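The numbering of the first sequence is the working numbering, which starts it at 3 and goes up by one. Data first, discussion second: the structure below is written as structure tokens.
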Amino acid sequence: MSVVTRFAPSPTGFLHLGGARTALFNWLFAKRYGGKFLLRIEDTDRVRSTDDAITQILNGLKWLGIEWDGDPILQHSRANRHREVVSFLMDSGRAYKCYCTASELEEMREKARKQGNPVRYDGTWRDKDPQDAPPGISPVVRFKALIEGETIIDDGVQGKISISNKQVDDMVLLRADGSPTYMLSVVVDDHDMGITDAIRGDDHLTNTARQTQLFKALAWETPKFSHIPLIHGSDGSKLSKRHGSVELGFYEKMGILPEAMCNYLLRLGWSHGDDELISQEQAIKWFSLDGIGKSPSRFDLDKLINMNGHYIRSSDHSKILDECYRLLCLKWGKEAVDENKDKFIYLRSELIQKSNTIIQIIESIDFIFEKKPISYDDKALKILTNEAKILLNKIANEFLECKDWSEEHIEEIVRSFVKKENIKLGNIAQPIRSALTGTNTSPGIFSIIFVLGRSEVIKRISDAVKK
RNA sequence: GACCCCUUCGUCUAGCGGUUAGGACAUCGCCCUUUCACGGCGGAAACACGGGUUCGAGUCCCGUAGGGGUCACCA
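This is how it looks when you write it as structure tokens:
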């Protein structure tokens, strides 16, 4: 039987790092075995689900390069099928109506907590005669779970796990308004979609016992589940909005490449010996369940950024350039960018070589676009001493007389100036840098002088000297 | 609280009974150097603890501690 996996996000929030990794693993697993990867939107909670979230999830997956087979399935559209399964369960005596009110349930839990018992539904309506149903209350439908024995889960990552059936209570299948719950829908949909393997977060592990019982009650085959440990924040706590950086779009905005993100996510919880840089093609060849670790891992932004640097340097430069152009336009406006495009093109190799993120590239050419007169930061100001200004005046004259405005010739001028003045290159390079960029860091000094052009250079130097 | 899972450098991890416990990120030092980086070289840095099993344990078993997850008419 060929492999069918799925990613089943709930559109109650955005696609975050954990979800992205789950999607990646399922996708990789399907590719590895030549199977299909399906997408199912778990929107049975009509109140909390939003279209925005769906769009964002889809975009996030596309950005990562994860393509699903067929159209995404919207779970709520299958409600009738879910209800049909419940009536089968009712007929076969594996489900029943429960008329407990919310306050009764709360009381029940409170009592169990006080007595130190597991907090579960106590089965009040399990064997009651439906004739006793109180008037005016619309019931929920509960699954009649097994009371004795234990449920064995053969997990692809965690191995064999047994959970006592005493731990599993009679879960709600249909809400009072007749809508199906998640617990029912996953089971029915996984079966109907022909899912053979599903990789999902650890947080579903104990739910699996409930779902397994449902599969059995329906006489359906259970997919092979593999529960992967969760990703934690850098402080070791559960990844949450508190970390401010769980959303995938956050990383796109900071100039992380999707390839780097995939590679990083892949290495978080999965390994293939000492391999670190793993292309998508290679990952598809290597991916398997036994490379997945059992312990939770922390998210490390530094490592992601470093990995991103490798991808920036090794990927197709024209692709990087396109992305830079897009972001540059966003930042400075298309007109300004087009006007200065050749400057950026000239500096591109150096920039790509030394940057770890797209944003770093963009920021290192801020000086090109700064409005004149440019502003100087503290470090630049510190460099612009009186002695430095004297040197700047002198070198400005040299530039004025320069006949051949090429980077090579500019370097000649500066180097012979250094010799003449008996100073170190740094003594003049840093003041020039400050004058031209308003900061103390920039691309190579000769290339920025060349790129800015003679009149601009003269102008900026004279502005700086007047400071 | 009950149940389930986890535990190797600061972080991600390799290791699948015999290793000087390896790699990567971060960190420190040196080199390169006009700045910031990139790159190169080198250093420091880990088997949570306690019992077993075994000739031999990071590797197997049992406890303890710590961490995580689940206990909804959320998914």
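We put the beta carbon where it would ideally sit given N, CA and C, even for glycine. Please read all numbers here as calculations on a predicted model, not as lab measurements.
(request) Quick one: give me the first and last residue of the alpha helix (DSSP H) that Thr57 is part of. (result) Stepping through the first sequence from its first residue, residue 57 is reached at position 55. Per DSSP, Thr57 belongs to the alpha helix (DSSP H) from 53 to 66.
(request) Let me know if Gly257 comes out buried or exposed under the rule of 16 or more other beta-carbons within 10 Å of its beta-carbon. (result) Stepping through the first sequence from its first residue, residue 257 is reached at position 255. Per the 10 Å Cβ criterion, buried.
(message) Give me the residue from Ile56, Glu44, Val174 with the minimum Cα distance to Phe16.
(response) Numbered from its first residue, the first sequence carries residue 16 at position 14. Comparing Cα-Cα distances from Phe16 to each of Ile56, Glu44, Val174, the minimum goes to Ile56.
(request) Check each candidate in Asp157, Glu278, Gly180 and name the one with the smallest Cα separation from Thr214. (result) On the first sequence, residue 214 is found 212 positions in, with the first residue counted as 1. For the residues Asp157, Glu278, Gly180, the minimum Cα distance to Thr214 belongs to Asp157.
(message) Please return the same chain residues whose Cβ sits closer than 6 Å to the Cβ of Pro298, not counting the five positions on each side in sequence.
(response) Within the first sequence, residue 298 is the residue found at index 296, counting from 1. Correct list, in chain order: Pro231, Leu232, His234.
(request) Using beta-carbon positions only, say whether Leu393 and Lys469 come within less than 7 Å of one another. (result) Position 391 of the first sequence, counted from the first residue, corresponds to residue 393. Position 467 of the first sequence, counted from the first residue, corresponds to residue 469. Contact flag unset, no.
(request) Measure the alpha-carbon distance for Ser316 versus His206 and round it to whole angstroms. (result) Here residue 316 is taken as the residue at index 314 of the first sequence, counted from 1. Here residue 206 is taken as the residue at index 204 of the first sequence, counted from 1. Using only the alpha carbons, I get a separation of about 38 Å.
(request) Tell me whether the beta-carbon of Val143 lies closer than 7 Å to the beta-carbon of Ala178. (result) Taking the first sequence and counting its residues from 1, the one referred to as residue 143 is at position 141. Taking the first sequence and counting its residues from 1, the one referred to as residue 178 is at position 176. No.
(message) Measuring straight from C-alpha to C-alpha, what distance separates Trp222 and Gln117?
(response) Taking the first residue of the first sequence as position 1, residue 222 is located at position 220. Taking the first residue of the first sequence as position 1, residue 117 is located at position 115. Rounded to the nearest angstrom, the two C-alpha atoms are 37 Å apart.
(request) State the start and end residues of the unbroken alpha helix (DSSP H) segment that holds Ser436. (result) Translated into the one-based positions of the first sequence, residue 436 becomes position 434. Counting along the chain, the alpha helix (DSSP H) containing Ser436 begins and ends at 427 to 439.
(message) Considering only their Cβ atoms, is the gap separating Pro445 from Glu352 smaller than 7 Å?
(response) Start at 1 with the first residue of the first sequence, and residue 352 comes out as number 350. Start at 1 with the first residue of the first sequence, and residue 445 comes out as number 443. Yes, the pair counts as a contact, with Cβ atoms nearer than the cut-off.
(request) Identify which residue in Asn308, Lys356, Ile201 has its Cα closest to the Cα of Phe31. (result) Translated into the one-based positions of the first sequence, residue 31 becomes position 29. Of the candidates Asn308, Lys356, Ile201, the one whose C-alpha sits nearest the C-alpha of Phe31 is Ile201.
(message) Val188 and His18 - do their beta-carbons sit closer together than 7 Å?
(response) Counting from 1 along the first sequence, the entry for residue 18 is found at position 16. Counting from 1 along the first sequence, the entry for residue 188 is found at position 186. Cβ distance not < 7 Å, so His18 and Val188 don't count as in contact.
(request) Select from Tyr123, Asp204, Gly37 the residue whose C-alpha is nearest the C-alpha of Ala147. (result) Reading the first sequence from its first residue, position 145 is the one you call residue 147. Looking at the Cα atoms, Tyr123 is the closest of the given residues.
(request) Quick one: grab the DSSP three-state call for Leu259. (result) Within the first sequence, numbered from 1, the residue matching residue 259 stands at position 257. In the structure shown, Leu259 sits in coil (DSSP, three-state: anything other than H, G, I, E or B).
(request) Using alpha carbons as the reference points, say which of Ile463, His78, Gly196, Arg462 lies closest to Ser4. (result) Your numbering for residue 4 matches position 2 in the first sequence. Considering only alpha carbons, the answer is Gly196.
(request) Using the Cα positions of Ile397 and Val416, report the straight-line distance between them to the nearest angstrom. (result) As a working note, residue 397 is residue 395 in the first sequence. As a working note, residue 416 is residue 414 in the first sequence. Distance between the alpha carbons of Ile397 and Val416: 8 Å.
(message) Let me confirm a value: His319 is counted as buried when at least 16 other C-beta atoms fall within 10 Å, else exposed. Which label applies?
(response) Reading the first sequence from its first residue, position 317 is the one you call residue 319. It is exposed - the Cβ of His319 has fewer than 16 other Cβ atoms within 10 Å.
(message) Tell me the rounded alpha-carbon separation between Ile364 and Asp302.
(response) Here residue 364 refers to the residue found at position 362 of the first sequence. Here residue 302 refers to the residue found at position 300 of the first sequence. If I take the Cα positions, the gap works out to 23 Å.
(request) State the DSSP-derived secondary structure class of Arg328, mapped to helix, strand or coil. (result) Taking the first residue of the first sequence as 1, we reach residue 328 at position 326. Note: Arg328 maps to helix in three-state DSSP.
(request) Return the CA-CA distance between Thr224 and Ala211, expressed in angstroms with no decimal places. (result) Translated into the one-based positions of the first sequence, residue 224 becomes position 222. Translated into the one-based positions of the first sequence, residue 211 becomes position 209. Approximately 11 Å between the Cα atoms of the pair.
(message) So, at 7 Å on beta carbons, what are the nonlocal neighbours of Met309 in its own chain, with the 5 sequence-adjacent residues on each side left out?
(response) The sequence position of residue 309 within the first sequence is 307, counting from 1. Closer than 7 Å at the Cβ level, and outside the excluded window around Met309, lie Ala262, Asn265, Tyr266.
(request) Count the other C-beta atoms from every protein chain shown that fall within 10 angstroms of the C-beta of Val121, then say buried if there are 16 or more, exposed otherwise. (result) Residue mapping note: residue 121 aligns to position 119 of the first sequence, counting from 1. When all chains shown are included, Val121 counts as exposed.
(request) Compare the C-alpha of Ala285 against each of Arg269, Lys296, Gly295 and name the closest. (result) In the first sequence, counting from the first residue as 1, residue 285 sits at position 283. For Ala285, the nearest C-alpha among the options comes from Arg269.
(request) With DSSP as the reference, label Lys162 as helix, strand or coil. (result) Locating residue 162 in the first sequence gives position 160, counting from the first residue. If DSSP states are grouped into helix, strand and coil, Lys162 belongs with the strands.
(request) Specify whether the stretch 76 to 86 and the stretch 164 to 182 touch according to this definition: at least 3 beta carbon pairs, one from each stretch, less than 8 Å apart. (result) yes
(request) Thinking Leu175 and Val49 are a contact (beta carbons under 8 Å), I'd like their distance in whole angstroms, please. (result) Along the first sequence, one-based indexing puts residue 175 at 173. Along the first sequence, one-based indexing puts residue 49 at 47. Not confirmed; about 19 Å, so no contact.
(request) Inspect the CB distances between the stretch 20 to 38 and the stretch 103 to 117 and report whether three or more fall short of 8 Å. (result) no
(message) Taking a contact to mean a Cβ-Cβ separation below 7 Å, would you say Ala25 touches Leu60 in this structure?
(response) To locate residue 25, count along the first sequence from 1; it is residue 23. To locate residue 60, count along the first sequence from 1; it is residue 58. Contact flag unset, no.
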